[in-house]
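In terms of this note's numbering, the sequence shown opens at residue 15 and continues consecutively. From the three backbone atoms N, C-alpha and C, an ideal C-beta is built for every residue, glycine too.
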Amino acid sequence: MKIAVTAASGQFGRTLIRQLKVAEPEHELTGLARTPDKAADLGIEIRPGDYDHKAQLEKSLAGIDVCILISGMAPPDERIVQHTNVVQAAQTAGVRKILFTSIGSNASCGGFDPVVACMHDTEDVLRQSGMEWVVGRNGLYIEPDFDYRDTYAEAGAIENCAGDRLCSYTSRAELARAYAALIVDKRFNNKTFHLAGPGITQAELAEAMNQVFGTSLVYKPMSVDDYIASRVAEHGDFMGQIIAGIYVGIANGAFELESDFEEIVGRPHKTAVEMAQEYLAQLS
């Protein structure tokens with residue numbers, strides 16, 4: 015079976031390709047990347063894969079059996095067009111099955127709502143494509159918090175407006191394990207799955223980081239208005255509203271998800287401490 019992974023030079027694309035090389039070595043892997051040279055180190059064939067160029071995508075998907083569409087990073091109104099380009103190119107190229115990395119959300123997320131809507135609109139494009147399809151509704155990545163650990167340590171706290179609501183975080187490594195199974199196992203075709211770990215509070219996130227990284231963090235809640243203002247001041251209105259919206263969503267219970275991870279992978283999802291330990295091991 016020939017498998018194509020889009021956005022191969024990105025963080026999740028790289029993680030998934032490495033997982034597939036280990037878990038599914040009998041299958042032929044191809045990566046698609048906007049700038050193929052940036053993925054040359056992965057040791058597989060890399061073809062051009064610019065989401066804005068449908069004809070290029072059609073050519074690069076020729077001969078592919080299964081394509082995994084990793085969500086782009088463009089603004090939502092542009093992103094849905096890009097995602098549709100990939101799906102339509104896959105149809106034209108004769109791809110039999112397509113998977114999409116979507117997001118799980120159960121409630122309003124303020125400024126993040128347009129991103130969620132774009133992802134769910136893409137799901138509909140897949141379902142109407144005539145190909146076999148699988149949708150993974152991912153929990154929030156936990157790695158950005160780990161990446162931010164020095165900044166948190168300088169402040170002595172994680173500060174946001176999430177309050178004491180639970181968030182079902184996941185990691186790129188755990189998602190790669192789940193998508194590797196979803197790609198090859200026909201039992202999962204034409205279904206939507208939530209992929210996330212056990213729900214934790216921001217205080218529990220701080221405790222997990224303290225245990226693994228040796229920090230002394232606490233959680234300090236902020237009001238929604240103050241947090242939005244702080245993100246807009248640091249990142250500008252567009253990105254600030256999106257980032258703040260994620261934590262508004264947590265406060266509203268949007269990211270407390272019932273997960274299908276164990277059904278797919280065959281074991282429980284790693285805890286926050288275990289994800290932090292794996293993250294730290296990957297840095298060494």
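Please classify residue i: is it buried, with 16 or more other beta-carbons within 10 angstroms of its beta-carbon, or exposed?
i, result
"Ser230", "exposed"
"Ser8", "Lying before the first or after the last residue shown, residue 8 is absent from the chain, which here runs from 15 to 298."
"Leu25", "Residue identity differs from the one stated: residue 25 is Gln in this sequence, not Leu. So Gln25 counts as exposed."
"Glu276", "exposed"
"Lys284", "buried"
"Phe114", "buried"
"Phe126", "buried"
"Arg281", "exposed"
"Thr136", "buried"
"Gly170", "exposed"
"Gly27", "buried"
Return yes when the Cβ of residue j is within less than 8 Å of the Cβ of residue i, no when it is not.
i, j, result
"Phe202", "Leu209", "no"
"Leu30", "Tyr193", "yes"
"Phe160", "Ala295", "no"
"Ala76", "Ala107", "yes"
"Ala217", "Tyr233", "yes"
"Ala265", "Gly144", "no"
"Pro158", "Pro128", "no"
"Arg151", "Ile117", "yes"
"Ser182", "Glu292", "no"
"Val262", "Cys123", "yes"
"Met236", "Glu173", "yes"
"Leu56", "Ala88", "no"
"Ala286", "Ala187", "no"
"Glu146", "Asn204", "yes"
"Gly211", "Gly259", "no"
Can you list, in chain order, the residues of its chain with a C-beta nearer than 6 Å to that of residue i? Leave out the 5 residues immediately preceding and following it.
i, result
"Gly254", "Arg245, Val246"
"Ser74", "Leu46, Arg61, Pro62, Gly63"
"Val80", "Ile17, Lys111, Ile197"
"Ser119", "Val130, Ala268"
"Lys68", "Asn99, Ala103"
"Gly86", "Tyr65, Arg93, Gln96"
"Met15", "His41, Asp79"
"Ala139", "Per the sequence presented here, residue 139 reads as Val, with Ala not at that position. Closer than 6 Å at the Cβ level, and outside the excluded window around Val139, lie Thr98, Val101."
"Arg48", "Asp64"
"Val149", "Phe114, Ser116, Glu137, Thr206"
What residues in its chain sit with their C-beta under 7 Å from that of residue i, if we drop five residues either side in the sequence?
i, result
"Arg191", "Gln33, Val279"
"Val100", "Thr20, Tyr65, Leu71, Leu83"
"Ile257", "Arg245, His249"
"Gly213", "Leu180, Cys181, Ser182, Glu270"
"Asp239", "none"
"Ile58", "Ile31, Leu43, Thr44, Gly45"
"Ala220", "Ile172, Leu231, Val232, Tyr233"
"Lys52", "Ser23"
"Phe252", "none"
Per DSSP, which residues does residue i bridge with? Please list them.
i, result
"Val19", "Gly45, Ile82"
"Gly150", "Thr115, Phe207"
"Arg61", "Leu46"
"Asn174", "Pro235"
"Tyr193", "According to DSSP, Tyr193 bridges with nothing at all."
"Tyr155", "Thr184"
"Ile214", "Cys181"
Any heavy atom of the ligand NAP closer than 7 Å to the CB of residue i?
i, result
"Lys16", "With respect to the ligand NAP, the structure offers nothing, as it holds no ligand at all."
Can you name, in chain order, every residue of its own chain whose Cβ lies under 8 Å from the Cβ of residue i, other than the five neighbours on each side?
i, result
"Asp274", "Phe207, His208, Leu209"
"Ala54", "Ile60"
"Tyr155", "Tyr183, Thr184, Ser185, Arg186"
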